[in-house]
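Numbering (our numbering), first residue to last: 1049 to 1436.
C-beta atoms are modelled at their ideal positions from N, C-alpha and C, and glycine is treated no differently.
Given the structure is predicted, the values throughout are model-derived calculations rather than measurements.
Below you'll find the structure, written out as structure tokens, and then a few comments.
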Amino acid sequence: MNNFALPFSFTLPTKIVYGPKCIASLIDELKLNDGERPIIITDKGVSNAGILDKITALLKQNNINYIVYDGVEPNPKDVNVEDGAKAAREFGADSIIAIGGGSPIDCAKSVGVLIAHNGDKIKEYEGKTAATKPLPLLITIPTTSGTGSELTFSSVITDTENNYKMTVKSQYTAAKVAICDPELTLSLPAHITASTGMDALTHAIEAYTATCAEPISDALALYATELIYNSLVTAVNDGSNLEARSAMLLGSMLAGIAFSHSDVASVHCIAESLGGVYDLPHGVCNAIFLPHVMEYNMEYSVERYARLAKAMGLNFNSESEGAKKAVEAVKKLTVDVNLPLFSSLNVNTDDFEKIAEMSVKNISTESNPRPMTKKDYLIVIKNAYGHK
């Protein structure tokens, strides 16, 4: 599938500051953007790891008043967003600093949406058109290499009333500045490194094979695939390896930009549905379904999967061989980084129908290279469950 003759537009509204120790630039970025009373949005994991202390020390040294909201849960909930917005309003925050993985960053974006629109419920801003106003200054500081949320237009939030993940997406929901310091990922535990890394790889692969892929997102997705595939095992097994951590963070960033300008597809549709019902780690869900969706898409994506295989550094003699090797390489990678099998997650098989129904309704189903019905989703889910 060549797309270089098709029209596209590309916007990157976020300034990227990248490199070891670049966290020191936070104060300059606040001052440049008139941020004087930030709310820090994070989670207990970041607080307990000591990373939050590094940020607050910088703020204290520069006499910047701030407040911390660290109530963000994994798979952030609508109530987390609403509580964060309440805290920001009571403090009179003029800016938001998001520190952590995708959960705090997605929560922070949605907090910004509520503040910008003077809204109460984030559910009111679900979809691609409801958020129509610029956010307060948002500075994102990732501590994982997975979601790419520090650079994306999307915020994925769990609707606790209906137990599903909704997406708030708009040109306005991207951060103003992303400060990406790989040293902040050095303390990330191996199992989180593995799951978030597979999330990033899924972003790259789905962005590259989505029906709405474009030339710039293609280039970013291919390089992201190369970086992530060739660095993840080292990052998992040797967390202090700064080179591997840097490659993972850069790969995650590039994959995030790629899918923001392309899309994710059916892997994420299932992962978000399953995660919404069972509150499971998003990266683990993506890792489970990625090779099975790739197999389903195979006949529609042979050329692109072969290019992905080349980016991974695999050797092959034909496009069909390369495409198959790409799928097998992804399967092996999930084993090499010790991620769990679907059948070990205590998911009730009676819920498969519900998960398939939720998946087919996801807004990214239309971006999958091969059309998928509820029946198709159910087949993929069952195949993944029976995989050994």
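Query raised in the report: Whole-angstrom Cβ separation of Ser1321 and Asn1410, contact assumed at under 8 Å?
Result: Position 273 of the sequence shown, counted from the first residue, corresponds to residue 1321. Position 362 of the sequence shown, counted from the first residue, corresponds to residue 1410. Their Cβ separation, rounded to whole angstroms, is 7 Å, which keeps Ser1321 and Asn1410 in contact under 8 Å.
Requested in this report: Sort Asn1363, Tyr1353 and Gly1098 by Cα distance to Val1375 and report the nearest one.
Outcome: Mapped onto the sequence shown, residue 1375 falls at position 327. Among Asn1363, Tyr1353 and Gly1098, the Cα nearest to that of Val1375 belongs to Tyr1353.
Report task. Could you check the C-alpha separation between Phe1400 and Tyr1173 for me, to the nearest Å? Result -> Taking the first residue of the sequence shown as 1, we reach residue 1400 at position 352. Taking the first residue of the sequence shown as 1, we reach residue 1173 at position 125. So the two alpha carbons sit approximately 28 Å from each other.
Query raised in the report: Which residues does DSSP pair with Leu1439 in a beta bridge?
Result: Residue coverage of the chain in this structure runs from 1049 to 1436, which leaves residue 1439 outside it and unanswerable.
Query raised in the report: Which ranges would you report for the beta strand (DSSP E) in the stretch 1157 to 1216 if only whole runs of at least 3 residues count?
Result: You should have 1185 to 1190 and 1202 to 1207.
Report task. Jot down the residue ranges of each uninterrupted beta strand (DSSP E) in the stretch 1307 to 1360, minimum 3 residues, whole runs only, in chain order. Result -> none
Requested in this report: With DSSP as the reference, label Lys1125 as helix, strand or coil.
Outcome: Stepping through the sequence shown from its first residue, residue 1125 is reached at position 77. Strand.
Query raised in the report: Could you give the C-beta distance for Ala1258 and Ala1335, rounded to a whole number, given that I count them as a contact under 8 Å?
Result: The residue given as residue 1258 occupies position 210 in the sequence shown. The residue given as residue 1335 occupies position 287 in the sequence shown. Not a contact, Cβ separation roughly 19 Å.
Query raised in the report: For Ser1430, which three-state DSSP category applies?
Result: In the sequence shown, the residue the question calls residue 1430 occupies position 382. One point to set straight first is that residue 1430 is Lys, not Ser, in the sequence displayed. Of the three classes helix, strand and coil, the one that applies to Lys1430 here is helix, per DSSP.
**Report entry** Of the residues Leu1162, Ser1197 and Val1129, the one placed nearest Thr1208, counting alpha carbons only
**Finding:** Within the sequence shown, residue 1208 is the residue found at index 160, counting from 1. Taking only the C-alpha atoms, the option nearest Thr1208 is Val1129.
Query raised in the report: Three-state secondary structure (DSSP) at Tyr1220?
Result: Within the sequence shown, numbered from 1, the residue matching residue 1220 stands at position 172. Three-state DSSP puts Tyr1220 in coil, outside helix and strand.
Query raised in the report: Helix, strand or coil: how does DSSP classify Asn1086 here?
Result: In the sequence shown, the residue the question calls residue 1086 occupies position 38. In the sequence under discussion, the amino acid at residue 1086 is Pro, which differs from the Asn named in the question. The answer is strand: DSSP assigns Pro1086 an E or B state.
Requested in this report: Could you tell me which residues DSSP pairs with Lys1063 in its beta bridges?
Outcome: Here the question's residue 1063 lines up with position 15 in the sequence shown. Per the DSSP secondary-structure output, Lys1063 pairs in a beta bridge with Val1225.
Report task. Would you mind reading off the limits of the beta strand (DSSP E) that contains Ile1115? Result -> Translated into positions along the sequence shown, residue 1115 becomes position 67. Its beta strand (DSSP E) spans residues Ile1115 to Tyr1117.
Query raised in the report: What number of angstroms, rounded off, separates the C-alpha of Pro1152 from the C-alpha of Val1428?
Result: Residue 1152 sits at position 104 when you count from the first residue of the sequence shown. Residue 1428 sits at position 380 when you count from the first residue of the sequence shown. Put simply, the backbone Cα of Pro1152 is about 31 Å away from that of Val1428.
Requested in this report: Classify Ser1098 as helix, strand or coil using the three-state DSSP reduction.
Outcome: One-based indexing of the sequence shown puts residue 1098 at position 50. The sequence given here places Gly at residue 1098; Ser does not occur at that position. Note: Gly1098 maps to coil in three-state DSSP.
Query - Segment contact, 8 Å Cβ cut-off, at least three pairs: the stretch 1278 to 1287 with the stretch 1252 to 1267 - result: no
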